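K.L.:
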Amino acid sequence: MTATSSTSPSSTGQELVIGLSHDYSTSDAGEVPLSQRRSLYHFTALWITLAAGFTYLFLGFQYHDAGYSLWRAVGAGAVGAVAYLLYALPAAYLGSTTGLTHSLLTRSIFGKIGSVVVSLILIGVAAGWTAFAFNLLATLYDGLFSWGNVVLISVVLAVVGVTNNVFGFGGIAAFARYLVAPLMILWMVYLLVKGIATVPGAVMGAGTSDNLPFLSGVGLAIGAVMWGNEPDTWRYGKPRFFWPTLPLVVAFAIGLVLFVAGGWLMGALSGVGQYDIGPAFRYSVEYSLFGALWLGAIVATVLQIAINDGNYYEMINAGQNLFGQAKGWRRLYTCLLMAGVAAVFTWWFPHLQNGFFSIAGWTSIALPSATVVMCVDKFVLPRLSPVERPAAVPSWRAAGLANWPAIAAVLVAVLFGAWGLGLLPGQGSTPSLGLVPVEAWLIAGLVYLLLGTVAARSSGARTLLGFASADVDG
24 MTATSSTSPS
34 STGQELVIGL
44 SHDYSTSDAG
54 EVPLSQRRSL
64 YHFTALWITL
74 AAGFTYLFLG
84 FQYHDAGYSL
94 WRAVGAGAVG
104 AVAYLLYALP
114 AAYLGSTTGL
124 THSLLTRSIF
134 GKIGSVVVSL
144 ILIGVAAGWT
154 AFAFNLLATL
164 YDGLFSWGNV
174 VLISVVLAVV
184 GVTNNVFGFG
194 GIAAFARYLV
204 APLMILWMVY
214 LLVKGIATVP
224 GAVMGAGTSD
234 NLPFLSGVGL
244 AIGAVMWGNE
254 PDTWRYGKPR
264 FFWPTLPLVV
274 AFAIGLVLFV
284 AGGWLMGALS
294 GVGQYDIGPA
304 FRYSVEYSLF
314 GALWLGAIVA
324 TVLQIAINDG
334 NYYEMINAGQ
344 NLFGQAKGWR
354 RLYTCLLMAG
364 VAAVFTWWFP
374 HLQNGFFSIA
384 GWTSIALPSA
394 TVVMCVDKFV
404 LPRLSPVERP
414 AAVPSWRAAG
424 LANWPAIAAV
434 LVAVLFGAWG
444 LGLLPGQGST
454 PSLGLVPVEA
464 WLIAGLVYLL
474 LGTVAARSSG
484 ARTLLGFASA
494 DVDG
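So the sequence shown is numbered by the numbering used here: it starts at 24 and just counts up by one.
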């Protein structure tokens, strides 16, 4: 790993300059040097923002609508956080030890075909969450001010929302650190304290129905919190396995406990159903923000834009993997292209049935299965086979065609997960298979370990495993 020191930039201004000049998202010196790694405080502030927001209020609202008690809702969120943490630590370590984006790692490990496919999936998943977030924000505006025009407003927001990412990672850092985290924590703490004092204990402790099995609720929490491209963020962290634990635990205590509880209380206090999140939000603003509708709009806008910095960030890194090496191509062009993609997804989102559940389901299985395969390739397979990949990211020309065992492992895991979550087209019922996302990750890792070990010991190992034709870093 290229490095000169382990000190982080001394100011947000320095981070902003770095983000404008180079975000280490192409194979031309794409590895983040240790001199540009960020502090634990930076990651704590960032992950409080990325792992807490209106997505988690909506999750808690959905739990209430499904008939969960408050304690069952918080329990599902907490168990989901633990399951995610078991995945996130090795995924983060993959990023911090290599210094590479998720998409550049796919080019090294999956080869040309696999890298293109995974990068497109990454763009699609992130665009789906962007569409959900800005449709939700436009719906909240309508609930507060009866503006209507939800689709038009959400598309405009999707285009404008890419602005922070034009300034690279430093823009996300400043936005999260100094504005978003304090606002969201203070509001949710007040809502929770006042709500618990208002709602009778019998109501909080007794659910109204069992429309969503507990393990399905945990899976929904995993999908809501999952990014799948954790190396993108943690390549800026210190290369120690347990180093991300504190930021993640603090963030999930806020997002999947505090915010889930707040969303549940929104449903209990307002008495509206799942399709009435706008009126429920207005009621909550009147209840816990002293009737200041403008303040509720500001808080909602800040939170949604901040968390979508993360969605745009993974879209842009995937786009840079696909287009960043083209002659004359600039990161700004990728930002504009991804804003266009997000606008199309946002326009289409209202046509998607059960959009939140579908996006959360696919998010919980697709990208994390690919990331698990990469962790196995990096940390486990070299211990069992005679081959090990070079650290350099190959150019598109030099990259191998495909790592067929890796592609097969992800395909098997995703098909299993889609079946287990009822996501396959025309599927009439969902089987009872337990905690499907976690099972899909395990399948991806075990299948690749088996197929990869066999391939590595064959005469055509380098071709089968998609090794680059030369150690080229251009």
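We treat Cβ as the ideally placed atom computed from N, Cα and C, and that holds for glycine. As the structure is a computational prediction, the values presented were derived from the model and not from experiment.
Per DSSP, what are the beta-bridge partners of residue 426 in this structure?
P.N.:
Position 403 of the sequence shown, counted from the start, is the residue given in the question as residue 426. Per DSSP, 488.
K.L.:
Please tell me whether residue 270 and residue 111 are closer than 8 Å, where the distance is taken between their beta carbons.
P.N.:
Here residue 270 refers to the residue found at position 247 when the sequence shown is read from its first residue. Here residue 111 refers to the residue found at position 88 when the sequence shown is read from its first residue. No, the pair does not count as a contact, with Cβ atoms beyond the cut-off.
K.L.:
At what residues does the alpha helix (DSSP H) containing residue 154 begin and finish?
P.N.:
As a first step, residue 154 must be located in the sequence shown, where it is residue number 131. Element bounds for residue 154: 125-168.
K.L.:
Using the C-alpha atoms, what's the distance from residue 489 back to residue 425?
P.N.:
What you label residue 425 is simply residue 402 of the sequence shown in a count that begins at 1. What you label residue 489 is simply residue 466 of the sequence shown in a count that begins at 1. When rounded, the distance between both Cα atoms is 5 Å.
K.L.:
Cutting at 7 Å between CB atoms, please list the residues of its own chain near residue 253, excluding the five before and the five after it.
P.N.:
Translated into the one-based positions of the sequence shown, residue 253 becomes position 230. For residue 253, where only same-chain residues beyond five positions count, the Cβ hits under 7 Å are 111, 114, 115, 118 and 394.
K.L.:
With 16 as the cutoff for other CB atoms within 10 Å, does residue 170 come out buried or exposed?
P.N.:
As a working mapping, residue 170 is identified with position 147 in the sequence shown. It counts as exposed.
K.L.:
Could you pull the start and end residues of the alpha helix (DSSP H) that residue 369 belongs to?
P.N.:
One-based indexing of the sequence shown puts residue 369 at position 346. 354-371 is the span of the alpha helix (DSSP H), which, as asked, contains residue 369.
K.L.:
Who are the near neighbours of residue 146 in its chain, counting only those whose CB is closer than 6 Å to its CB and skipping five residues on each side?
P.N.:
What you label residue 146 is simply residue 123 of the sequence shown in a count that begins at 1. Closer than 6 Å at Cβ, skipping near neighbours: 338 and 341.
K.L.:
Can you list, in chain order, the residues of its chain whose CB lies under 8 Å from that of residue 129, leaving out five sequence neighbours each side?
P.N.:
Looking up residue 129 in the sequence shown gives position 106. Here the set comprises 137, 138, 141, 142, 344, 393 and 397.
K.L.:
Ignore the nearest five residues each way along the sequence and tell me which others in residue 222's own chain have a CB closer than 6 Å to its CB.
P.N.:
The count along the sequence shown starts at 1 and reaches residue 222 at position 199. Once the five neighbours on either side are set aside, the close Cβ partners of residue 222 are 291.
K.L.:
Where residue 294 and residue 303 are concerned, what is the direct C-alpha to C-alpha distance, given to the nearest angstrom?
P.N.:
Residue numbering aside, residue 294 sits at position 271 when the sequence shown is read from its first letter. Residue numbering aside, residue 303 sits at position 280 when the sequence shown is read from its first letter. The alpha-carbon atoms of residue 294 and residue 303 are separated by roughly 8 Å.
K.L.:
Quick check: what's the CA-CA separation for residue 332 versus residue 82?
P.N.:
Here residue 332 refers to the residue found at position 309 of the sequence shown. Here residue 82 refers to the residue found at position 59 of the sequence shown. Between residue 332 and residue 82, the C-alpha separation is close to 20 Å.
K.L.:
Taking the alpha helix (DSSP H) that residue 272 falls in, what are its first and last residues?
P.N.:
The sequence position of residue 272 within the sequence shown is 249, counting from 1. Unbroken alpha helix (DSSP H) run through residue 272: 268-275.
K.L.:
Which residue from 378, 384 and 80 puts its Cα closest to that of residue 439?
P.N.:
Against the sequence shown, residue 439 aligns to sequence position 416. Ranking 378, 384 and 80 by Cα distance to residue 439 puts 384 first.
K.L.:
Starting from the Cα of residue 365, find the closest Cα among 179, 350 and 456 and give me that residue.
P.N.:
For the purposes of this step, residue 365 is taken as the residue at position 342 of the sequence shown. Checking every option, the nearest Cα to that of residue 365 belongs to 179.
K.L.:
Alpha helix (DSSP H) containing residue 95: first to last residue?
P.N.:
As a working mapping, residue 95 is identified with position 72 in the sequence shown. It spans 93-121 - the alpha helix (DSSP H) in which residue 95 sits, taken as one unbroken run.
K.L.:
Comparing alpha-carbon positions, which option in 211, 434 and 57 lies nearest residue 323?
P.N.:
In the sequence shown, counting from the first residue as 1, residue 323 sits at position 300. It is 211 whose Cα lies nearest to the Cα of residue 323.
K.L.:
With a threshold of 6 Å on Cβ separation, who are the neighbours of residue 229 within its own chain once the five nearest residues in sequence on each side are excluded?
P.N.:
Within the sequence shown, numbered from 1, the residue matching residue 229 stands at position 206. For residue 229, where only same-chain residues beyond five positions count, the Cβ hits under 6 Å are 92.
K.L.:
Inspect the beta-carbon positions of residue 244 and residue 103 and report whether they are closer than 8 Å.
P.N.:
Reading the sequence shown from its first residue, position 221 is the one you call residue 244. Reading the sequence shown from its first residue, position 80 is the one you call residue 103. Yes, these two residues count as a Cβ contact at 8 Å.
K.L.:
Could you tell me if residue 307 is buried or exposed, where buried requires 16 or more neighbouring beta carbons within 10 angstroms of its beta carbon?
P.N.:
Numbered from its first residue, the sequence shown carries residue 307 at position 284. The residue in question, residue 307, is buried, as its Cβ has 16 or more Cβ neighbours within 10 Å.
K.L.:
So for residue 448, helix, strand or coil by DSSP?
P.N.:
Here residue 448 refers to the residue found at position 425 when the sequence shown is read from its first residue. Of the three classes helix, strand and coil, the one that applies to residue 448 here is coil, per DSSP.
K.L.:
Among the residues of its own chain, which have a CB less than 6 Å from the CB of residue 486, if the five just before and after it don't count?
P.N.:
Counting from 1 along the sequence shown, the entry for residue 486 is found at position 463. Answer for residue 486: no residue qualifies.
K.L.:
What residue range is occupied by the uninterrupted alpha helix (DSSP H) comprising residue 374?
P.N.:
The sequence position of residue 374 within the sequence shown is 351, counting from 1. Taken as a continuous stretch (DSSP letters only), residue 374 belongs to no alpha helix (DSSP H), as it is neither H nor E.
K.L.:
By Cβ distance, which residues of its chain are closer than 7 Å to residue 381, with the 5 residues on each side in sequence left out?
P.N.:
Stepping through the sequence shown from its first residue, residue 381 is reached at position 358. Contacts found: 375 and 446.
K.L.:
Residue 233: buried (16+ other C-beta within 10 angstroms of its C-beta) or exposed?
P.N.:
In the sequence shown, the residue the question calls residue 233 occupies position 210. Exposed, by the Cβ-count rule.
K.L.:
Can you tell which of 105, 481, 478 and 372 has the C-alpha that lies nearest to the C-alpha of residue 246?
P.N.:
By 1-based counting over the sequence shown, the position of residue 246 is 223. Comparing Cα positions, the closest option is 105.
K.L.:
Considering only the alpha carbon of each residue, which of 74, 463, 161 and 188 lies closest to residue 433?
P.N.:
Indexing the sequence shown from 1 puts residue 433 at position 410. Ranking the options by Cα distance to residue 433, first place goes to 463.
K.L.:
Is the stretch 399-407 in contact with the stretch 157-164, if contact means three or more CB pairs nearer than 8 Å?
P.N.:
The stretch 399-407 is not in contact with the stretch 157-164.
K.L.:
Give me, in chain order, the residues of the same chain whose beta-carbon lies closer than 6 Å to that of residue 477; leave out the 5 immediate sequence neighbours on both sides.
P.N.:
Working through the sequence shown from its first residue, we reach residue 477 at position 454. There are no such residues.
K.L.:
Quick one: using the 10 Å Cβ neighbour count with 16 as the cut-off for buried, is residue 437 buried or exposed?
P.N.:
Working through the sequence shown from its first residue, we reach residue 437 at position 414. So residue 437 ends up on the buried side.
K.L.:
Please list, in chain order, all residues of the same chain as residue 55 whose beta carbon is under 7 Å from its beta carbon, the five residues on each side excluded.
P.N.:
Within the sequence shown, numbered from 1, the residue matching residue 55 stands at position 32. The residues are 47, 122, 258 and 259.
K.L.:
Taking the continuous alpha helix (DSSP H) assigned at residue 329, which residues delimit it?
P.N.:
To locate residue 329, count along the sequence shown from 1; it is residue 306. Counting along the chain, the alpha helix (DSSP H) containing residue 329 begins and ends at 316-346.
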